[in-house]
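By my numbering, the letter at position 78 of the sequence shown is numbered 1144, and the numbering carries on one by one without gaps.
Below is one structure, written out as structure tokens; the observations come after it.
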Amino acid sequence: MQIYERYGGFSAIRRIVSDFYDRILDEPELAPFFEHIEMARLIDHQTKFIVSITGGPASFTDVQLQRAHARLGITSEQFRAVAELLKETLEDHGFADSDVAEVMRHVRQREGSIVSGAKVSDA
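Following this line, the structure appears as structure tokens:
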């Protein structure tokens, strides 16, 4: 059984993603990225991304991720902060450690498609 199915499919993943964005918006250093963003649309896209990496019926390419994030100037530090919030959200929603690790492996593999700003060590 895929991770996607194990945790309740699309509607459950959508609830998790909504919680994830609530957490992001509570972070002063991350929230500004989401000003002037239609959150319902973003949650829909992120849900499809998480569905795709958990074995569900959706797909995303690295090119799509690059296009969506290129103008944002996201740093490695910001990427890691968001990734940590995702990890905490998955854990809080009862994901097994092995499933959290699998999701986070997929997320980390895409860092190069999302990060476009100066690395913290470059600043």
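Here a beta-carbon is modelled for each residue, glycine too, at the ideal position from N, C-alpha and C.
C-beta contact flag for Phe1086 and Leu1151 at 8 Å: Counted from its first residue, the sequence shown places residue 1086 at position 20. Counted from its first residue, the sequence shown places residue 1151 at position 85. Closer than 8 Å, so yes.
Per-residue DSSP class, three states only, for Glu1143: Locating residue 1143 in the sequence shown gives position 77, counting from the first residue. Helix, per DSSP.
Cβ neighbours of Val1117 in the same chain (closer than 8 Å, five flanking residues each side left out): The sequence position of residue 1117 within the sequence shown is 51, counting from 1. Closer than 8 Å at Cβ, skipping near neighbours: Tyr1070, Phe1076, Ile1079, Pro1123, Ala1124.
Neighbourhood of Ala1097 by C-beta, 6 Å cutoff - its chain only, sequence neighbours within 5 removed: Walking along the sequence shown from the start, residue 1097 turns up at place 31. Only Leu1091 meet the Cβ criterion.
Sub-8 Å separation of His1135 and Ile1180 beta-carbons: Residue mapping note: residue 1135 aligns to position 69 of the sequence shown, counting from 1. Residue mapping note: residue 1180 aligns to position 114 of the sequence shown, counting from 1. Cβ atoms of His1135 and Ile1180: closer than 8 Å.
Beta carbon of Ala1149 nearer than 8 Å to that of Val1166: In the sequence shown, counting from the first residue as 1, residue 1149 sits at position 83. In the sequence shown, counting from the first residue as 1, residue 1166 sits at position 100. In this structure, Val1166 does not lie closer than 8 Å to Ala1149 by Cβ.
Per-residue burial, Gln1175 [other beta carbons within 10 Å of its own, 16 or more giving buried]: Locating residue 1175 in the sequence shown gives position 109, where the first residue counts as 1. Classification of Gln1175: exposed, given that the 10 Å Cβ count is below 16.
Nearest residue (CA-CA) to Ser1142, options Gly1178, Met1067, Asp1158: Start at 1 with the first residue of the sequence shown, and residue 1142 comes out as number 76. The shortest C-alpha separation from Ser1142 is found at Gly1178.
Helix, strand or coil at Tyr1070 [DSSP, three-state]: Counting from one through the sequence shown, the residue named residue 1070 turns up at place 4. Three-state DSSP puts Tyr1070 in a helix.
Same chain, Cβ closer than 7 Å to Ala1168, five either side skipped, listed in chain order: Sequence index remark: in the sequence shown, residue 1168 carries index 102 (1-based). This sequence places Glu at residue 1168; Ala is not what is there. Closer than 7 Å at the Cβ level, and outside the excluded window around Glu1168, lie Ile1069.
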